[in-house]
Amino acid sequence: MTEPSDREDASPAPRTPPEPLAPRYFSLTTFTIEGRRAPGLFVVGWLATLVGIGLTATVALGVPGLPGLVLSLASLLALSVGLLLLAGSQTMERRAVDAAYAGPSPLLVLLAVVAISRLVGFLVGLPLLAVADRIPVALGDLVAVLVQGVVFLGVVRLLIVGPGVLRWSEMGWVGARAQTLRALLGGAVFAGPVILVTSAVAFAAVSLAGVSPPSPLPPTGTLDGLVLHLAAGAVVAPAAEELLFRGFALTAWRRVVGVRGAIIRSSIVFVLAHVLFVSGDTFAETVRVALVAGLVRIPVALALGWLFVRTGSIWGPIGLHAAFNGILIAIAETAARG
């Protein structure tokens, strides 16, 4: 018998295979296609978006008549397509790195919603121009809100629910019929206190700025106008806006920045969306009108976010939003009728 040799004792230990590298995340501002999951979406999305921005700037410089109309439609189409493709690209990149929220940025989705809403509004409104003088203003307002609501729903379905980013139930669309009714009524109870706070903010803001922003649904002084505006402002708009701002945006941001940050962020974009197209006779007046219009919406925006987090259901915020809008619409219509 012989002892094992020293050479046999000194045999090298087996090599440990290197750990695989973590997948790299490519943001929308990382301008490279190497390593991207869907480079086509990224490239075409950015090209279409830049074309849309360029056409929008051209129209803003003043292109009259039919050429201006065509360029406006082309710019909105390019922006809509580009932003949708960029949202798809961002979803794929975030999903590849198993992000806490593996979907498109709520800000990107909001921009897409704005562009698509304007585009669809153009396409729906153009055929109606010939009979526009025979369409009651309140009916036109309802049609506009319905179109916007359809766009909100369609974009969320396409970019969020379809790819599996969030389920309807994760965005608060839960509860049987009886639970839904209780949640709606429970949310409506908060409308009175929120209106009181909003009134105080409005008084202070108007006193400081010296301007009062126009109502998005101006009173008509008629019963028909009241009914149509209640349908638009207290039924369609609350459901559509809560879907986008609380159901989707707040839920998405909550996974990234927590409850408080999500409420603040979703409230900010809610306010910005409502002042995006305000106007005045001068630039200074426009700024003051936008400032007042934004400030008066802060209380209800924060209350809606808090209620959504507190209940875990979208129905409470819809109830609050509907009652808030409905009461203000009814007061304005009553005042207009004398």
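The sequence shown lines up with residues 9 to 346 when you count with our numbering. From the three backbone atoms N, C-alpha and C, an ideal C-beta is built for every residue, glycine too.
**Request:** Check whether the Cβ atoms of R254 and V265 lie closer than 8 Å to each other.
**Result:** The answer is no: Cβ separation not under 8 Å.
**Asked** Nearest CA to the CA of V67: which residue from I168, T57, L81?
**Response** Nearest option by C-alpha distance: L81.
**Asked** Between which two residues does the alpha helix (DSSP H) harbouring G266 extend?
**Response** Segment 259–283, the alpha helix (DSSP H) holding G266.
**Item:** Distance, R165 Cα to G180 Cα
**Value:** Looking at the two C-alpha atoms, the distance is approximately 14 Å.
**Prompt:** Going by the CB atoms, is the gap between L193 and I337 shorter than 8 Å?
**Reply:** The Cβ atoms of I337 and L193 lie no closer than 8 Å to each other.
**Option in G157, G111, A240 with minimal Cα separation from R175** = Checking every option, the nearest Cα to that of R175 belongs to G111.
**Request:** Determine the direct distance from the alpha carbon of T342 to that of I124, and round the result to whole angstroms.
**Result:** Cα to Cα, the separation comes out at about 35 Å.
**Message:** I'd like the ranges of any alpha helix (DSSP H) spanning at least 4 consecutive residues and lying wholly in the stretch 204–249.
**Reply:** Those alpha helix (DSSP H) runs which fall completely within the stretch 204–249 and span 4+ residues are 231–239, 245–249.
**Message:** Going by C-alpha to C-alpha distance, which of L63, S220, T259 sits closest to S177?
**Reply:** Checked all of L63, S220, T259; the closest Cα to S177 is T259.
**Message:** Suppose the cutoff is 7 Å on Cβ atoms and the five residues either side in sequence are ignored; what does the same chain contact list for V159 look like?
**Reply:** The answer, listed in chain order, is V121, I124, S125, V128.
**Prompt:** What separation, rounded to the nearest whole angstrom, lies between the Cα atoms of A199 and A191?
**Reply:** Straight-line spacing of the CA atoms in A199 and A191 works out to 13 Å.
**Message:** Between the alpha carbons of G288 and R296, how many angstroms are there, rounded?
**Reply:** Going from the Cα of G288 to the Cα of R296 covers about 9 Å.
**Request:** Using three-state DSSP, classify E42 as helix, strand or coil.
**Result:** DSSP places E42 in coil when its eight states are reduced to three.
**Asked** I143 by DSSP, collapsed to three states: which one?
**Response** The DSSP-derived three-state label of I143 is coil.
**Asked** So what does DSSP say about D106, is it helix, strand or coil?
**Response** Secondary structure of D106 (DSSP, three-state): coil.
**Request:** Take the Cβ of T40 as the centre, count every other Cβ of all protein chains shown within 10 Å, and call the residue buried at 16 or more, exposed below.
**Result:** By the neighbour-count definition (other C-beta atoms within 10 Å, threshold 16), T40 is an exposed residue.
**Message:** Checking 8 Å against the spacing of the C-beta atoms, do G53 and L93 come in under that value?
**Reply:** With contacts defined by Cβ atoms closer than 8 Å, G53 and L93 form a contacting pair.
**Item:** Cβ neighbours of I306 in the same chain (closer than 8 Å, five flanking residues each side left out)
**Value:** Take I306, set aside five residues on each side of it, and the residues of its chain with a beta-carbon closer than 8 Å to its own are V209, S275, V279, in chain order.
**Prompt:** What residue from V205, V163, L238, G172 has the CA that sits closest to L310's CA?
**Reply:** Among V205, V163, L238, G172, the Cα nearest to that of L310 is on V205.
**Asked** Under a Cβ-count criterion, where at least 16 other Cβ atoms within 10 Å of its own Cβ denotes burial, should Q156 be classed as buried or exposed?
**Response** By the Cβ neighbour-count rule, Q156 is buried, with 16 or more other Cβ atoms within 10 Å of its own.
**Request:** Mind reading off the beta-carbon distance from V219 to V105? Whole number of angstroms is fine, and I expect it under 8 Å.
**Result:** Not really, about 47 Å apart at Cβ, beyond 8 Å.
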